[in-house]
Amino acid sequence: MSDTSGILIKKPVSLLNKKINFNFGSFFTALTKAGANAAVANFGNIPENFVEVVASVGLGKEPGEVAWDLILSALIQAIWTLAAERKDLLQDADNKDIQTIVNYRLEQCLKKLELQEITIDINFFDHPESLVIIEEIKTPFGQWLESFGVSSAEAKIISNQIPSQFVYALHKEWLKNSDKYQSLINNLNSPFVKATARQQAWTIYSAWLENQVNERMFDEAFGLKQVYVPLRGYYKRKIKVKKSEAFGREEDKFEQIVVDLETEVENWLNKADSQDAIRVISGSPGSGKSSFAKIFAANQAKKGEVRVLFIPLHRFEVTDNLTNAVGNFVLSNGLIKENPLEGNNFDSRLLIIFDGLDELAMQGKLGAEVAKDFILKLERNLDNFNQRETRLQVLITGRDLTIQANSSLLDNSSQQILYVLPYFLEENERDNYIDEQKLLETDQRNLWWQRYGEAKGIEYTGLPSELDQGKLKEITAQPLLNYLVALSFARGEVDFSADSNLNSIYADLLKAVYERKWADKKKHPINQEFGIKDEEEFAEVLEEIALACWHGDGRTTTVSKIEKICSDNNHLKNLFEEYQQAAEAGVTRLLTAFYFRQSGVREQEKTFEFTHKSFGEYLTARRIVRELDLIHDQLEERQNNRRKGWDEKEALKQWAILCGTSPLNEYLFSFIFDEIRLQELGNVAKWQQTLCNLISFMLGDGMPMQELNLSNFHEENRQARNAEEALLVVLNACARVTKKVSEIQWHSLQDFGVWISRLRGQRSDFYNQIFCLNYLSYLDLQNCILIHQDFYLVDLQMSNLQMSNLQMSNLQMSNLQGANLEGANLQEVNLQWANLQWANLQWANLEGAYLELANLPGANLQGVNLQRANLQRAKLPLAYLEGANLQGAILEGAILELANLQRANFQGANLQGANLQGANVRGTILEGQDLTKLNTDTDSSTV
Numbered sequence: 000m001s002d003t004s005g006i007l008i009k010k011p012v013s014l015l016n017k018k019i020n021f022n023f024g025s026f027f028t029a030l031t032k033a034g035a036n037a038a039v040a041n042f043g044n045i046p047e048n049f050v051e052v053v054a055s056v057g058l059g060k061e062p063g064e065v066a067w068d069l070i071l072s073a074l075i076q077a078i079w080t081l082a083a084e085r086k087d088l089l090q091d092a093d094n095k096d097i098q099t100i101v102n103y104r105l106e107q108c109l110k111k112l113e114l115q116e117i118t119i120d121i122n123f124f125d126h127p128e129s130l131v132i133i134e135e136i137k138t139p140f141g142q143w144l145e146s147f148g149v150s151s152a153e154a155k156i157i158s159n160q161i162p163s164q165f166v167y168a169l170h171k172e173w174l175k176n177s178d179k180y181q182s183l184i185n186n187l188n189s190p191f192v193k194a195t196a197r198q199q200a201w202t203i204y205s206a207w208l209e210n211q212v213n214e215r216m217f218d219e220a221f222g223l224k225q226v227y228v229p230l231r232g233y234y235k236r237k238i239k240v241k242k243s244e245a246f247g248r249e250e251d252k253f254e255q256i257v258v259d260l261e262t263e264v265e266n267w268l269n270k271a272d273s274q275d276a277i278r279v280i281s282g283s284p285g286s287g288k289s290s291f292a293k294i295f296a297a298n299q300a301k302k303g304e305v306r307v308l309f310i311p312l313h314r315f316e317v318t319d320n321l322t323n324a325v326g327n328f329v330l331s332n333g334l335i336k337e338n339p340l341e342g343n344n345f346d347s348r349l350l351i352i353f354d355g356l357d358e359l360a361m362q363g364k365l366g367a368e369v370a371k372d373f374i375l376k377l378e379r380n381l382d383n384f385n386q387r388e389t390r391l392q393v394l395i396t397g398r399d400l401t402i403q404a405n406s407s408l409l410d411n412s413s414q415q416i417l418y419v420l421p422y423f424l425e426e427n428e429r430d431n432y433i434d435e436q437k438l439l440e441t442d443q444r445n446l447w448w449q450r451y452g453e454a455k456g457i458e459y460t461g462l463p464s465e466l467d468q469g470k471l472k473e474i475t476a477q478p479l480l481n482y483l484v485a486l487s488f489a490r491g492e493v494d495f496s497a498d499s500n501l502n503s504i505y506a507d508l509l510k511a512v513y514e515r516k517w518a519d520k521k522k523h524p525i526n527q528e529f530g531i532k533d534e535e536e537f538a539e540v541l542e543e544i545a546l547a548c549w550h551g552d553g554r555t556t557t558v559s560k561i562e563k564i565c566s567d568n569n570h571l572k573n574l575f576e577e578y579q580q581a582a583e584a585g586v587t588r589l590l591t592a593f594y595f596r597q598s599g600v601r602e603q604e605k606t607f608e609f610t611h612k613s614f615g616e617y618l619t620a621r622r623i624v625r626e627l628d629l630i631h632d633q634l635e636e637r638q639n640n641r642r643k644g645w646d647e648k649e650a651l652k653q654w655a656i657l658c659g660t661s662p663l664n665e666y667l668f669s670f671i672f673d674e675i676r677l678q679e680l681g682n683v684a685k686w687q688q689t690l691c692n693l694i695s696f697m698l699g700d701g702m703p704m705q706e707l708n709l710s711n712f713h714e715e716n717r718q719a720r721n722a723e724e725a726l727l728v729v730l731n732a733c734a735r736v737t738k739k740v741s742e743i744q745w746h747s748l749q750d751f752g753v754w755i756s757r758l759r760g761q762r763s764d765f766y767n768q769i770f771c772l773n774y775l776s777y778l779d780l781q782n783c784i785l786i787h788q789d790f791y792l793v794d795l796q797m798s799n800l801q802m803s804n805l806q807m808s809n810l811q812m813s814n815l816q817g818a819n820l821e822g823a824n825l826q827e828v829n830l831q832w833a834n835l836q837w838a839n840l841q842w843a844n845l846e847g848a849y850l851e852l853a854n855l856p857g858a859n860l861q862g863v864n865l866q867r868a869n870l871q872r873a874k875l876p877l878a879y880l881e882g883a884n885l886q887g888a889i890l891e892g893a894i895l896e897l898a899n900l901q902r903a904n905f906q907g908a909n910l911q912g913a914n915l916q917g918a919n920v921r922g923t924i925l926e927g928q929d930l931t932k933l934n935t936d937t938d939s940s941t942v
């Protein structure tokens, strides 16, 4: 009789052939009217004249006629959607040319379509895209696009998307007007018409996933699918090695096994092991994680062996109940009407793809904590759902640092975390991987450029040779950056060299968006209509939106939040109001094609969303550097005239407003550093000194958080800490550019130790890096008291630590390359695996220090006290150890090749297996001995 969807099947019958009496000329005439003056056309919904075209078909109520009503409605919607989404590509056409376009350029193709006799049967509903009319209409639609100035290559790509768009439109039309198609339900014995509403919803969702990979990339005519190159990845397979004698734990070492990413994930999916139901894709920004996830989702949905749900985590509200959170997301999407994780709805195996673990955000919590809680919730839910059989599997993507911070939770198998590999690796880099399938021998950049050339109608045989040099090799190896390089390369305004700066490419694309011509191509529409007078003002608006996003969840923000940021600056406030007018007038794509877009409504407000998170990070970095320049100018003006400019308190207040709400991270720092590299060196040196002065003032007087009128002391303290860390990190960016030591006036010898302890906080995981410790190079820390500090993985290269007290501190795996540690107290310090290359340790006290596997080539150790120090397997080639005290030191397996050991004290030292080839041992107890015997003679190894 009927099922839960109310569909009644009476008896199976065949559909008779039905000749189509449809005037395609009228159809394209109506479409052309909408396309004329497309830059200002409001495509929106299909207008009334299109409805009349469908009505003109003259179909009755017979099954065949009703079927064609369905088909033509879907076809018109598909073509309309493709044209509307690409209206910015259509050049203006005069009304007098409309009929010419249809009558002459399309006449032959249209006649061919109108004279055809087309047959459908029950198999049509299994693969509606295979209907002959769908294939035939590609040609006239492509010609129609070319008539509006779309290139032949772009027109072909757009028209080739008719089948997938048609399938999606067909299913939506079926559900929307099911009463209208009742005669088909009564007369067809087809799985499509017998399907429940739930099954039909998943069919529509699968078609939607297919459309997502065909959706335009930024403002291109093509989508991801047309240029996507299958990614490679690797997983880590653990190798057991002997335990460390000092710490009694195993040293972790891994083999890196190369795999084809899609094949590897598909094998896991098909295996459906309930004890291994999570896979994680880890990669750097722009490495292709999300692209892979979208392609994989579309491919698996099309196969139909498992249902697929794709959830971008920046649009996902995390709650204590994961089932409810998924349900809320699904309902907001609108295509699936029921929560797939609830009760009887969970009637088929489901793959959920959570894209962007790093983009989870929750008020009052750090992103890493939210990600950890999310993974724990997932694991608990998977245990519940998969008790009897594997019903739910989860694929997660995320940036490398977020995944690394949670790797201890993801250890069900060595293949649970898959790391994305770039398009290209140098031959020496490939040696770090086990690549049995020889996947890494292919330079995928060439394949991508070939596909990109086909999509753009440009003949590229591979990566242009001028882009295959220096830093550009690394840049073009990353999918997103490679694409941005391609865009900038086509403009021809950036000088691509071996030392190319990534920010130059982003800036060129920002300029391209501003300069893009439109309408009559004589006047810029922003200048003409909205009063944004130049490129700088245009950039300022985008920077403020980026800042609002950074202060929020990193990718999205609302109009009110942007207005709040702009409210203190009337000029910016007016600029943003003008920008909003442009958005309302439908030119958002013109303004923001490469950066952000209006993405929907949050709490009844319009939201802006970055197309890629890195665009927001670039613009935020520009904003921070611009503020630094302003602060320097204002402080300088106050020095010249005490009635003008800012004092230090006001400067710190403005800095706290800018950098207090959200903490900096490694990705943002990279853009800040590259932006500062683009500035005049003299200006950077001035900024460096300004930041030193502000830090000194802040340590004496504190951050003026009372000026910000925050809600409570806890929030004041949190934002002060973020702003202080930003001062330190941006100072380091300046110092890396000038290569000069930052001389901060400390008020006491404890100042830096107290401050860095506050910024560092408590570790939650021993093995993970602490952000602020990566940015301590080029600091003047002479005489500072740093006893028992946690400096694990710290970067102190080129810093001045002369006479500092680091007694019993943990400097394991630290970078002290070129640092000045002359006379420093390093008693019992842990320097295991530390890099001390070319460091100055003259007369330093390293008594009892632990330097196993430390790297000290070229280090100056003259007169150093290494009594009882452990230098097992340490590397000291060319090291200068004249007069050093090595009494009782452990030098087993140490490399002292060509070292200067003149007058060093080796009494009681263990030199078993040490390499002293070519070393100068004059004036030591080793003088005149056969040093080669140290490698084999145990009895003579202790001297």
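Those letters in the sequence shown? Residues 0 to 942, by numbering that gives the first Met the number 0.
No residue lacks a Cβ here, since even glycine has one placed at the ideal position from N, Cα and C.
Please determine, among 143, 127 and 685, the residue with the shortest C-alpha to C-alpha distance to residue 81.
-> Here the question's residue 81 lines up with position 82 in the sequence shown. Taking residue 81 as reference, the option from 143, 127 and 685 with the minimal CA-CA separation is 143.
Tell me whether residue 253 is buried or exposed, calling it buried when 16 or more other Cβ atoms sit within 10 Å of its Cβ.
-> By 1-based counting over the sequence shown, the position of residue 253 is 254. Counting C-beta atoms within 10 angstroms of its own C-beta, residue 253 has fewer than 16 neighbours from the protein chains shown and is therefore classed as exposed.
Cβ contact (3+ pairs, closer than 8 Å) linking the segment 195-209 and the segment 230-241 = In short, these stretches do not touch, since the Cβ pair count stays below three.
Run the CB neighbour count on residue 262, radius 10 Å, all protein chains shown included, and call it buried at 16 or more, exposed below.
-> Here residue 262 refers to the residue found at position 263 of the sequence shown. By the neighbour-count criterion, in which a residue is buried when 16 or more other Cβ atoms sit within 10 angstroms of its Cβ, residue 262 is exposed.
Is the segment 921-928 close to the segment 896-910, with three or more CB pairs under 8 Å?
-> In short, these stretches touch, since the Cβ pair count reaches three.
Opening and closing residue of the alpha helix (DSSP H) in which residue 399 lies = One-based indexing of the sequence shown puts residue 399 at position 400. Counting along the chain, the alpha helix (DSSP H) containing residue 399 begins and ends at 399-404.
How is the beta strand (DSSP E) around residue 166 delimited, first residue to last?
-> To locate residue 166, count along the sequence shown from 1; it is residue 167. In the DSSP annotation of this structure, residue 166 is not part of any beta strand (DSSP E); the continuous alpha helix (DSSP H) holding it starts and ends at 161-175.
Please classify residue 460: does DSSP put it in a helix, a strand, or coil?
-> Numbered from its first residue, the sequence shown carries residue 460 at position 461. When secondary structure is reduced to three states using DSSP, residue 460 falls in the coil class, being assigned neither helix nor strand.
Find the nearest neighbour of residue 691 within the set 66, 746 and 146, judged by alpha-carbon distance.
-> In the sequence shown, counting from the first residue as 1, residue 691 sits at position 692. Across the set 66, 746 and 146, the C-alpha of 746 shows the shortest separation from the C-alpha of residue 691.
Can you tell me which of 154, 472, 419 and 159 puts its alpha carbon nearest to the alpha carbon of residue 256?
-> Translated into the one-based positions of the sequence shown, residue 256 becomes position 257. Looking only at 154, 472, 419 and 159, the smallest Cα-Cα distance to residue 256 is reached by 419.
Anyone know if the C-beta pair for residue 804 and residue 781 falls short of 8 Å?
-> Position 805 of the sequence shown, counted from the first residue, corresponds to residue 804. Position 782 of the sequence shown, counted from the first residue, corresponds to residue 781. No, the Cβ-Cβ distance between residue 804 and residue 781 is not below 8 Å.
Does DSSP put residue 474 in a helix, in a strand, or in coil?
-> Counting from 1 along the sequence shown, the entry for residue 474 is found at position 475. DSSP places residue 474 in helix when its eight states are reduced to three.
Helix, strand or coil: which one does DSSP assign to residue 782?
-> As a working mapping, residue 782 is identified with position 783 in the sequence shown. Three-state result, residue 782: coil.
Which of the three DSSP states, helix, strand or coil, is assigned to residue 418?
-> As a position in the sequence shown, residue 418 is number 419, starting the count at 1. The answer is strand: DSSP assigns residue 418 an E or B state.
Relative to the alpha-carbon of residue 127, which residue among 87, 138 and 169 has its alpha-carbon at the smallest distance?
-> Taking the sequence shown and counting its residues from 1, the one referred to as residue 127 is at position 128. Cα-wise, what sits closest to residue 127 is 169.
Which of the three DSSP states, helix, strand or coil, is assigned to residue 130?
-> The count along the sequence shown starts at 1 and reaches residue 130 at position 131. DSSP places residue 130 in coil when its eight states are reduced to three.
Assigned exposure category for residue 931 - 16 Cβ within 10 Å defines buried = Here residue 931 corresponds to residue number 932 of the sequence shown, with the count starting at 1. By the neighbour-count rule (16 or more Cβ atoms within 10 Å), residue 931 is not buried but exposed.
Mind checking which residues open and close the alpha helix (DSSP H) that includes residue 156?
-> Your numbering for residue 156 matches position 157 in the sequence shown. Note, residue 156: alpha helix (DSSP H), 151-158.
Burial state of residue 318, where buried means 16 or more other Cβ atoms lie within 10 Å = Residue mapping note: residue 318 aligns to position 319 of the sequence shown, counting from 1. Residue 318 should be labelled exposed.
For residue 849, which beta-bridge partners are listed by DSSP?
-> Taking the sequence shown and counting its residues from 1, one reaches residue 849 at position 850. Paired residues: 829 and 869.
If you count every other CB in all the chains shown that lies within 10 Å of the CB of residue 631, and 16 or more means buried, which is it?
-> Start at 1 with the first residue of the sequence shown, and residue 631 comes out as number 632. Residue 631 should be labelled buried.
Range covered by the alpha helix (DSSP H) that runs through residue 309 | Within the sequence shown, residue 309 is the residue found at index 310, counting from 1. Counting along the chain, residue 309 falls outside any alpha helix (DSSP H), though it belongs to the beta strand (DSSP E) covering 306-311.
Rounded C-alpha distance that separates residue 451 from residue 894 = On the sequence shown, residue 451 is found 452 positions in, with the first residue counted as 1. On the sequence shown, residue 894 is found 895 positions in, with the first residue counted as 1. When only Cα atoms are considered, residue 451 and residue 894 end up about 51 Å apart.
Local conformation of residue 323 per DSSP, three classes | Against the sequence shown, residue 323 aligns to sequence position 324. In the structure shown, the three-state DSSP call for residue 323 is helix.
Rounded to the nearest angstrom, how far is the Cβ of residue 714 from that of residue 758, given a contact under 8 Å?
-> Start at 1 with the first residue of the sequence shown, and residue 714 comes out as number 715. Start at 1 with the first residue of the sequence shown, and residue 758 comes out as number 759. Between residue 714 and residue 758 the beta-carbon gap is near 17 Å, outside 8 Å, which marks them as no contact.
State the start and end residues of the unbroken beta strand (DSSP E) segment that holds residue 259.
-> Residue 259 sits at position 260 when you count from the first residue of the sequence shown. In the DSSP assignment, residue 259 falls within the beta strand (DSSP E) that extends over 252-259.
Can you check the segment 722-777 for any alpha helix (DSSP H) of at least 4 residues that lies completely inside it and give the ranges in chain order?
-> For the segment 722-777, whole alpha helix (DSSP H) runs of length 4 or above, ordered along the chain, are 750-759.
Which class does residue 393 belong to by DSSP, given the choice of helix, strand or coil?
-> Residue mapping note: residue 393 aligns to position 394 of the sequence shown, counting from 1. Note: residue 393 maps to strand in three-state DSSP.
Tell me whether residue 237 sits in a helix, a strand or coil according to DSSP, three-state version.
-> Numbered from 1 along the sequence shown, position 238 holds the residue referred to as residue 237. Residue 237 falls in the strand class under three-state DSSP.
Look at the alpha carbon of residue 767 and the alpha carbon of residue 291, and state the distance between them as a whole number of angstroms.
-> In the sequence shown, residue 767 corresponds to position 768, counting from 1. In the sequence shown, residue 291 corresponds to position 292, counting from 1. The alpha-carbon atoms of residue 767 and residue 291 are separated by roughly 27 Å.
If you compare alpha carbons, which of 238, 415, 325 and 294 is closest to residue 258?
-> The residue labelled residue 258 in the question sits at position 259 within the sequence shown. When each option's Cα is compared against that of residue 258, the closest is 415.
Burial state of residue 712, where buried means 16 or more other Cβ atoms lie within 10 Å | Residue 712 sits at position 713 when you count from the first residue of the sequence shown. Exposed, by the Cβ-count rule.
Those residues which DSSP pairs with residue 353 across a bridge = Taking the sequence shown and counting its residues from 1, the one referred to as residue 353 is at position 354. In DSSP, residue 353 forms a bridge with 310 and 395.
At least three beta-carbon pairs within less than 8 Å, the segment 424-442 to the segment 403-411 = These segments do not touch.
So which of 471, 160, 71 and 849 has the shortest CA-CA distance to residue 867?
-> In the sequence shown, the residue the question calls residue 867 occupies position 868. The shortest C-alpha to C-alpha distance from residue 867 to any of 471, 160, 71 and 849 is the one to 849.
Between residue 732 and residue 675, which are expected to be in contact by the criterion C-beta below 8 Å, what is the C-beta distance as a whole number of angstroms?
-> Position 733 of the sequence shown, counted from the start, is the residue given in the question as residue 732. Position 676 of the sequence shown, counted from the start, is the residue given in the question as residue 675. The beta-carbon separation of residue 732 and residue 675, rounded to 5 Å, stays under the 8 Å limit for a contact.
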